Ligand SMILES: Cc1cc2nc3c(=O)[nH]c(=O)nc-3n(C[C@H](O)[C@H](O)[C@H](O)COP(=O)(O)OP(=O)(O)OC[C@H]3O[C@@H](n4cnc5c(N)ncnc54)[C@H](O)[C@@H]3O)c2cc1C
Ligand code: SF4
Ligand code: SF4
Ligand code: SF4
Ligand code: SF4
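Protein chains in written order, with the working numbering: chain A, 9 to 671; chain B, 828 to 956.
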């Protein structure tokens, strides 16, 4: 005999304002099997939970229904509550009368009616609940970090610091990310290399950290605590263990006219190259598309000059398989392409540059050795116009709807640095809003205006017209209500940023979710900002949303703390609401295996007793690996024999719910 | 007689433009080739229609000097389409007066080979409703 208790929560006025909670409790009490029903202001409060525990004991309840907020919010809380009173935690059902009822109805009569139906549905289900026990699975004490920018490096260092192994997989030949290309950093203006290089070296030297550079994760299988990843280590045609990074090969290579990615194509590099002096690992890499030997079989100069014998023209990609307990996504960002914004003449004049290109033009390791010169003719620019929000805050198909968050600050930085180094240069900044929240940020921007005399113009540029080696900038000055025309030597575009183009495929591989802009989604925007909704997958840096370095590093460390919390566990409790095949019904057709997104289903030959002279037969039947199954239920609807069922969500339970709604 | 507010609502409806989408960046006015010949500028049209200040716009020079080149529509980052609002204000006047500034029969005489097609279309937009 079932003895069900029903607890109706007011959630303050959240529920009680649109649902007559007393009427819901009253109606529930009349349902068969219900022996106790009550309402209370806040069921999740300590007092509310005590009330539930007491009622379980006093009334010898065998099942509990709580009519409250979404189970996403408090199912775990209430499972613990009923468990503390001696019930199996899975003898609990939640009727969501907040998100799915009180919040979307205005009329109290309608709301109450619906809440009563939802309550009776949960009661019908709980009558069929069976006690379930969570299984256990082991935790591989190693983390995988995808992306080796400042975010990935910081997360890896912190995880290693706690004593766990970490692998960083970076697709470029060196770790460091965008920060390696930045000259100085706001708000303190310290040089990016000076603060980043020590961290890159730390990562390389830490014996807990393994760096797979020029590599990509190709496949991830498994689940939290026990992921299996395939990493493709691309052939760099140089033996990483032998190369000393001396660079002799790079100066001898005759194929010299290849776009230098590190300087964003503003100068050239040889076919064999080391991205920059502080690269980690400091190992050469051959660009097979540019190498004469790879293309024609002739040349081979680098092999001759390399005293370490490190050049291996026949090196192949290598596939490495490793196991991990947790995965950190730190795939970062890129500035958007500007081909859709040709009103700013980016494709028409080399003197129209992006802000990241400007970083290279101001950097000592850049194409101009740190002297700001016009790319077109190498002369000093005397008038520079900055345009903010290029491609950000757009409502059209060309741009991004969001604010890129970092460009107001780096534009102020650029303007200030230029005014300081070249006081004879006029600097104008067109802005829509100047957004500088952050510690010492607004002070920084005001310094650019008040101390360095940067001319901030409220308005947007309509167009840039290249003419006679100059750039005519035509824009609005909304404060003086005039259209201004500035004859500039250079124009700098603060291009919007967007997630790395691999974000989508990485998300698919990890079954993690991304938003419409391809930024990774967090498990809860406020309360779980560094976890993805997929268990065991964590988020670090700009891959989750636009951020500057201080925020990136803070998030990277927060992410590491979450990873450490997971790796510190020896066992994980798994979700017992998993699929199970009824062997007597299964025909071994393989349909379920094909639909299972987690690869949880295998088949086994089993001997079954049958009537007749043969007495037994061997049949192939489905087996669910309970540690792998995530309880998604795909197999249960796909199975043509009706053999698959989900514990805790059986077909019978769901039909009972439907019946209760339709009653 | 309609109030200014009613006129504004008509103009908004007729133009299909939602002035609330404007983020007041001024790119429309920054790009407008007829800016110097205007008393009210494209971004002001958007803002003034939203506020219901129609009478001033009806008297403005801008409704006749706008070239209907659509540069502002092309470049507005918020897809506001200011030229459509300007056109809707102009229509308010043309419809009210019920008169044509130019008869279509008179047009062929005014054409010469150098006139861009867009200017012809623009002229019709203004004078031959
Ligand atoms: C012009 C400009 C100036 C800036 N100036 C400042 C400043 O002064 N101060 C400041 O605080 N911030 C500044 N920033 C912001 C700063 O660059 C970022 O906050 C920071 O780089 C974010 O780090 P990240 O690791 O999240 O991303 P990234 O630096 O983009 O690193 C991501 C890394 O992951 C790798 N990766 C991507 N996908 C994969 C994959 N599928 N597999 C393997 N590896 C992958 C990438 O190759 C890259 O190395 C500036 C940004 C720009 C554009
Ligand atoms: S073999 Fe290729 S990389 Fe080496 S020197 Fe020749 S062209 Fe350059
Ligand atoms: S940070 Fe500033 S420049 Fe960048 S998109 Fe936001 S408002 Fe525009
Ligand atoms: S360009 Fe668009 S968003 Fe900007 S002021 Fe003009 S109408 Fe408003
Ligand atoms: S359509 Fe009119 S308002 Fe818009 S840019 Fe052209 S001339 Fe200016």
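Each residue gets a CB set at the ideal place from its N, CA and C atoms; glycine is no exception.
Quick caveat: nothing in here was measured; it's all calculated off a predicted structure.
Item, Value
"Beta-carbon proximity list for residue 130 of chain A, same chain, < 6 Å, skipping 5 on both sides", "73, 101, 103"
"One or two residues paired with residue 436 of chain A in a DSSP bridge", "A:393, A:463"
"Near-chain A residues of the segment 844 to 860 of chain B - C-beta to any C-beta below 8 Å", "848, 850, 851, 852, 853, 854, 855, 856, 857, 858, 859"
"Neighbour flag for residue 902 of chain B against chain A, beta carbons, 8 Å", "yes"
"Expected contact under 8 Å - CB spacing of residue 50 of chain A and residue 41 of chain A to nearest Å", "So it is not a contact: roughly 26 Å between Cβ atoms."
"Residue 293 of chain A and residue 181 of chain A closer than 8 Å at C-beta", "yes"
"Simplified DSSP state of residue 588 of chain A, which is helix, strand or coil", "strand"
"For residue 499 of chain A and residue 609 of chain A, the rounded distance between their alpha carbons", "59 Å"
"CB contact check: residue 326 of chain A to chain B, cutoff 8 Å", "no"
"Cβ shell of residue 456 of chain A (< 7 Å), same chain only, five flanking positions each side left out", "420, 423, 424, 462"
"Residue 625 of chain A, buried or exposed, once every other Cβ within 10 Å from all chains shown has been counted against 16", "exposed"
"Below-8 Å beta-carbon distance, residue 841 of chain B vs any chain A residue", "no"
"Residues, ordered as in the chain, of the segment 456 to 482 of chain A that lie near chain B by beta-carbon distance below 7 Å", "467, 468, 469, 470, 471, 482"
"Beta-carbon neighbours of residue 906 of chain B, restricted to chain A and to distances below 8 Å", "403, 404"
"Segment limits, beta strand (DSSP E) that includes residue 388 of chain A", "No beta strand (DSSP E) contains residue 388 of chain A, which DSSP labels as neither H nor E."
"The alpha helix (DSSP H) enclosing residue 855 of chain B, as first and last residue numbers", "854 to 858"
"Contacting residues, own chain, Cβ-Cβ under 8 Å from residue 149 of chain A (five flanking each side not counted)", "172, 173, 333, 575"
"Spatial distance of residue 21 of chain A from residue 48 of chain A (CA atoms)", "12 Å"
"Cβ of residue 486 of chain A within 8 Å of any chain B Cβ", "yes"
"Three-state secondary structure assigned by DSSP to residue 276 of chain A", "strand"
"Nearest-angstrom Cβ-Cβ length linking residue 245 of chain A and residue 320 of chain A, presumed shorter than 8 Å", "6 Å"
"Contacts around residue 854 of chain B, its chain only, beta-carbon distance under 7 Å, and the 5 residues preceding and following it disregarded", "902, 903, 904"
"Alpha carbon of residue 616 of chain A to alpha carbon of residue 69 of chain A, nearest angstrom", "40 Å"
"CB of residue 893 of chain B within 8 Å of CB of residue 945 of chain B, strictly", "no"
"Residue 511 of chain A versus A:352, A:504, A:527, A:386, residue with shortest Cα-Cα distance", "A:527"
"The segment 222 to 232 of chain A touching the segment 251 to 268 of chain A, judged by at least three CB pairs closer than 8 Å", "no"
"C-beta neighbour in chain B for residue 440 of chain A, strict 8 Å", "yes"
"Which residues DSSP lists as bridging residue 161 of chain A, in chain order", "Looking at the DSSP assignment, residue 161 of chain A forms no beta bridge with any residue, so it has no partner."
"Any C-beta of chain A under 8 Å from that of residue 956 of chain B", "The predicted model places residue 956 of chain B with a pLDDT of 45, which falls under 50 and marks its position as unreliable, so this point remains unresolved."
"Residue closest to residue 156 of chain A, alpha-carbon to alpha-carbon, out of A:347, A:222, A:356, A:114", "A:222"
"Cutoff 8 Å: residue 491 of chain A Cβ touching any chain B Cβ", "yes"
"Collapsed DSSP secondary structure at residue 670 of chain A in the structure displayed", "helix"
"Buried/exposed call for residue 209 of chain A, threshold 16 Cβ in 10 Å", "exposed"
"Bridge partner(s) assigned by DSSP for residue 343 of chain A", "A:505"
"Closer than 8 Å to chain B by CB, residue 506 of chain A", "no"
"Test: residue 248 of chain A CB closer than 8 Å to a CB of chain B", "no"
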